[in-house]
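Below: one structure, written as structure tokens.
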Amino acid sequence: AYYCYRHTFEGLLHNGHADYLRGALAVGCLLNIPEYVRWAIEGPYSIYAMLDNNVDRDGQYHETSLVYGLHTRDLYLTFAEPLRNWRDEHHPEGLDLYREPRFRWFYALPNAVMDCAGHAPNFGDTAPDNRFALPVDPPFSLTDYVLAERVFAGSRDPATRSLFASILHFLTGGDLPRVRANLAPSNLDLGWWLLCHGEDLPAEVPPLPAWLRRRVEGSWFLGQKGLALLRTGRGERAQAALLRFGPSLNHAQLDELGLIYYAYGWQLIYEIGYGFGSAHTRTGWAHRTASHNLVVVNERNQLEAPGSGGSLHLFASVPGLQLVEASAENAYSSEKVSLYRRTVALVGGAEPSEPAYLLDIFRVVGGRQHDYFLGVQTQEYEVEGLELGAEQPGSLAGPEVNWGTKVGNDGDIVGYPNRPYWNPPPGNGYGFFYGVRPGKAKGSTWRITWPLGGPLDVHLRVHFLLPAGPKEKGEALPMMAKAPGLYPHNRSASYAIVRRRGVEPLRSAFVAVMEPYPASKAKPFLTRVERLACIRAERVQMEPAGVRVVHTNGWEDYLFSGGLRDGPKVFATPRGLMEIGGAFAWMRLDPQGKPLRVVLHGADVL
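Right, dumping it as structure tokens:
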């Protein structure tokens, strides 16, 4: 106990500190050592200090990883019972952590509010996601359920008990006895706990609060943690996208403005994940910026200079359109980047049978080379509109380096034993891309289709759009490359890469449209995707982008993006000139050209 107590003076508030503090607290309560107990509740690094500093207004843990947040919830829960039963002259009735608002928020459906179409997003140091999984209704999570049981039984605060009664009723579809009977035989720890502590719900259970239901079912953003979740569709057609704009704290990876996209049961664009912390594939590959789905500047990792975290500029959730725009210039302050901004829109899904797609616009100003990476967890793919050359020797880092084909079962590079935390040169992850095939676009658009398989035979077709404008601004150089998973037993990857080089400060606006479809039931639903030329713009903050998307049923989507305080921008379209003033507009036309939907966000003219 003294060993744990001694370590609690190190001035830290992370989950390791909570482990030490709870050890000293437990012994203090059992053996009546008041000093250990007082330190846990009154010291500068107490459980209350951890709640105040580590749990944000959205009920999220400060470290940049969901799995570490769930682990910390287990740790904090072990403070509640000893303190509730502790008695001394200053606390004759004990201490009730369950009454603390942050404690209550911390345990309110932590998995469900972050669910992405049946998946837990594995940003930061979290395991790979190679599984097919469709969402369930209600979104039952054993973790959410067990935590709710514990808090409901442990609390005597009416507000807390009411909230967690509604959570248990929601998770179990109104039949808590059935769920308990089904789970207890296969989970002895839970069964014994329920036998001793389980309580019946009241006769009248309030519905799940509207604010919590919105977080479970709809799109929402976490302003303090710097995350945006976009959701559309339900059941088999559910789609979700997560954009992380910082800050990057403990257990973060170098991936500000990283994007993860889910649909039809799969994580469509790959997040390599996290395993053994010292493995070479973790330190040299999965942790590095290039392994993520974003833009790398000057072949450098993000966050090589002090500072992290970005800003949210746009967020909208309306039927048929889920939108977010965020920036994170701090990520590349080392490269003197003045603009690092991503606009993501989930379009469609308003009706049960309506398919949806994702629009991705990534703008960068600064540096001399921009590499847009998009990885998928398969090495099979088909190309359209792109001539690919033969596989080049070596890797994306050059012919003399190839780490991606030398990964051992333990995640270390074969031939380099006893080097924990080694980062294989050149240190930016480029040495893990192998089988690089340079390409040449035949026109202004090319497509890559990846088959992910599974019960629905899911395919992801991505339309890449060349910049609309003079090539002297920097010509796009597409290529394909293979890459490993975190370990050999994880799914390997292939990446589409779009490279632009030019005079510093280089200006780029990468545009891609991602079209998932279940090949077992449907064919691709988009017949044409093209970038529209902006022929006139006034007082623009950043390069305008216009995209036309044509559906197989004749619908036409027009999507326009620019700066919030931009003046008018005029685009040439097949239906004549279109003008937008402001940040974002979406218009859907029927085959006769009649508007079906029009949405303006941060815009006043279309």
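So the sequence shown is numbered by the working numbering: it starts at 4 and just counts up by one. The beta carbon of each residue, even a glycine, is placed where N, CA and C say it ideally should be. On a predicted model such as this, the values are computed, not experimentally measured, just so you know.
Handout entry: Cross-strand partners of Ala512 (DSSP beta bridge)
Key = The count along the sequence shown starts at 1 and reaches residue 512 at position 509. In the DSSP output, where bridge partners are listed per residue, Ala512 has Arg366.
Practice task
Look up Ile416 in the DSSP assignment and say whether it is helix, strand or coil.
Solution key: Here residue 416 is taken as the residue at index 413 of the sequence shown, counted from 1. DSSP places Ile416 in strand when its eight states are reduced to three.
Problem - Residue environment, Glu338, which counts as buried when at least 16 other CB atoms sit within 10 Å - result: For the purposes of this step, residue 338 is taken as residue 335 along the sequence shown, with counting starting at 1. Looking at its Cβ environment, which holds 16 or more other Cβ atoms inside 10 Å, Glu338 is buried.
Handout entry: Helix, strand or coil at Trp558 [DSSP, three-state]
Key = Stepping through the sequence shown from its first residue, residue 558 is reached at position 555. Of the three classes helix, strand and coil, the one that applies to Trp558 here is coil, per DSSP.
Exercise for the section: Would you mind reading off the limits of the alpha helix (DSSP H) that contains Val300? Expected result: Position 297 of the sequence shown, counted from the start, is the residue given in the question as residue 300. That residue, Val300, is in no alpha helix (DSSP H); its beta strand (DSSP E) goes 298-300.
Exercise for the section: Let me know if Leu377 comes out buried or exposed under the rule of 16 or more other beta-carbons within 10 Å of its beta-carbon. Expected result: Your numbering for residue 377 matches position 374 in the sequence shown. Result: buried.
Problem - Proximity below 8 Å, CB of Leu463 to CB of Met517 - result: The residue you call residue 463 lines up with position 460 of the sequence shown. The residue you call residue 517 lines up with position 514 of the sequence shown. In this structure, Met517 lies closer than 8 Å to Leu463 by Cβ.
Exercise for the section: Please report how far the alpha carbon of Thr129 lies from the alpha carbon of Glu383, in whole angstroms. Expected result: The residue labelled residue 129 in the question sits at position 126 within the sequence shown. The residue labelled residue 383 in the question sits at position 380 within the sequence shown. Using only the alpha carbons, I get a separation of about 25 Å.
Handout entry: Expected contact under 8 Å - CB spacing of Ala111 and His122 to nearest Å
Key = On the sequence shown, position 108 is the one that residue 111 refers to. On the sequence shown, position 119 is the one that residue 122 refers to. The pair is not a contact, with the Cβ atoms about 20 Å apart (cut-off 8 Å).
Handout entry: Backbone CA spacing between Pro571 and Ala231 [nearest angstrom]
Key = Working through the sequence shown from its first residue, we reach residue 571 at position 568. Working through the sequence shown from its first residue, we reach residue 231 at position 228. Their Cα atoms are separated by approximately 28 Å.
Problem - Buried/exposed call for Asn125, threshold 16 Cβ in 10 Å - result: If you number the sequence shown from 1, residue 125 lands on position 122. Per the 10 Å Cβ criterion, buried.
Exercise for the section: Sort out for me which residues DSSP pairs Val466 with in a bridge. Expected result: Along the sequence shown, one-based indexing puts residue 466 at 463. First, the amino acid is wrong: residue 466 is His here, not Val. DSSP, once it has assigned bridges, lists Arg450, Val516 as partnering His466.
Handout entry: Start and end residues, beta strand (DSSP E) containing Leu233
Key = Your numbering for residue 233 matches position 230 in the sequence shown. Residues 230-235.
Problem - From Asp415, Asn301, Arg9, residue whose alpha carbon lies closest to that of Arg510 - result: Position 507 of the sequence shown holds residue 510. Ranking the options by Cα distance to Arg510, first place goes to Asn301.
Exercise for the section: Go ahead and pull the three-state DSSP assignment for Ala123. Expected result: Within the sequence shown, numbered from 1, the residue matching residue 123 stands at position 120. Three-state DSSP puts Ala123 in coil, outside helix and strand.
Practice task
Pull up the DSSP beta-bridge partners for Gly456, would you.
Solution key: Here residue 456 corresponds to residue number 453 of the sequence shown, with the count starting at 1. DSSP, once it has assigned bridges, lists Val461 as partnering Gly456.
Exercise for the section: Give the straight-line distance between the Cα atoms of Tyr419 and Trp406, rounded to the nearest whole angstrom. Expected result: By 1-based counting over the sequence shown, the position of residue 419 is 416. By 1-based counting over the sequence shown, the position of residue 406 is 403. So the alpha carbons of these two residues sit roughly 11 Å apart.
Handout entry: Alpha-carbon to alpha-carbon, Leu15 and Trp453
Key = Taking the first residue of the sequence shown as 1, we reach residue 453 at position 450. Taking the first residue of the sequence shown as 1, we reach residue 15 at position 12. Distance between the alpha carbons of Trp453 and Leu15: 45 Å.
Handout entry: Cβ contact (3+ pairs, closer than 8 Å) linking the region 284-304 and the region 422-434
Key = yes
Practice task
Ignore the nearest five residues each way along the sequence and tell me which others in Thr530's own chain have a CB closer than 6 Å to its CB.
Solution key: The residue labelled residue 530 in the question sits at position 527 within the sequence shown. Counting only Cβ-Cβ distances below 6 Å, and skipping sequence neighbours, we find Val553, Thr555.
Handout entry: Segments of 3+ residues assigned as beta strand (DSSP E) that fall wholly inside the region 334-397
Key = 342-351, 359-368, 372-379, 385-387, 389-391
Exercise for the section: Pull up the DSSP beta-bridge partners for His316, would you. Expected result: If you number the sequence shown from 1, residue 316 lands on position 313. Answer is none; His316 lacks a bridge partner.
Handout entry: Member of Met117, Val208, Tyr265 whose CA lies at the smallest distance from the CA of Asn133
Key = Taking the sequence shown and counting its residues from 1, one reaches residue 133 at position 130. Answer by Cα proximity: Tyr265.
Handout entry: For Gly585, the residue or residues it bridges with in DSSP
Key = What you label residue 585 is simply residue 582 of the sequence shown in a count that begins at 1. Paired residue(s): Ala606.
Problem - Assigned secondary structure, Ser165 (DSSP; H/G/I helix, E/B strand, else coil) - result: The sequence position of residue 165 within the sequence shown is 162, counting from 1. Helix at Ser165.
Exercise for the section: Measure the C-alpha to C-alpha separation of Val40 and Val367 and round it to an integer number of angstroms. Expected result: Counting from one through the sequence shown, the residue named residue 40 turns up at place 37. Counting from one through the sequence shown, the residue named residue 367 turns up at place 364. When rounded, the distance between both Cα atoms is 52 Å.
Handout entry: Coil, strand or helix - Met590 by DSSP
Key = Taking the sequence shown and counting its residues from 1, one reaches residue 590 at position 587. In this structure, Met590 counts as strand in the three-state DSSP scheme.
Problem - Reduced DSSP category for Arg539 - H, G, I as helix; E, B as strand; rest coil - result: Looking up residue 539 in the sequence shown gives position 536. Strand at Arg539.
Problem - Pair within 8 Å by beta-carbon distance, Tyr48 and Thr11 - result: In the sequence shown, residue 48 corresponds to position 45, counting from 1. In the sequence shown, residue 11 corresponds to position 8, counting from 1. Yes; because the gap between Cβ atoms is below 8 Å, this pair is in contact.
Practice task
Give, in chain order, every unbroken run of the beta strand (DSSP E) that is at least 3 residues long and sits entirely within the region 238-266.
Solution key: 242-247, 261-266
Problem - As assigned by DSSP and simplified to three states, the class of Ile500 - result: Your numbering for residue 500 matches position 497 in the sequence shown. Ile500: strand per DSSP, three-state reduction.
Exercise for the section: With distances taken Cα to Cα, identify the nearest neighbour of His200 among Pro212, Lys228, Ala244, Ala151. Expected result: In the sequence shown, counting from the first residue as 1, residue 200 sits at position 197. The residue with the shortest Cα to Cα distance from His200 is Ala151.
Practice task
May I ask you to report which of helix, strand or coil DSSP gives Met53?
Solution key: The count along the sequence shown starts at 1 and reaches residue 53 at position 50. The answer is helix: DSSP assigns Met53 an H, G or I state.
Practice task
Round the Cβ separation of Ser398 and Gly434 to the nearest angstrom and send it over; I've been treating them as touching at under 8 Å.
Solution key: Position 395 of the sequence shown, counting from 1, holds the residue named residue 398. Position 431 of the sequence shown, counting from 1, holds the residue named residue 434. Yes, they are in contact, since the Cβ atoms of Ser398 and Gly434 sit about 5 Å apart, within 8 Å.
Handout entry: Top-ranked residue by Cα proximity to Arg153, from Asp192, Asp140, Gly177
Key = Position 150 of the sequence shown, counted from the first residue, corresponds to residue 153. The candidate whose alpha carbon is nearest that of Arg153 is Asp192.
Exercise for the section: Could you check the C-alpha separation between Glu307 and Gly446 for me, to the nearest Å? Expected result: Taking the sequence shown and counting its residues from 1, one reaches residue 307 at position 304. Taking the sequence shown and counting its residues from 1, one reaches residue 446 at position 443. Rounded to the nearest angstrom, the two C-alpha atoms are 37 Å apart.
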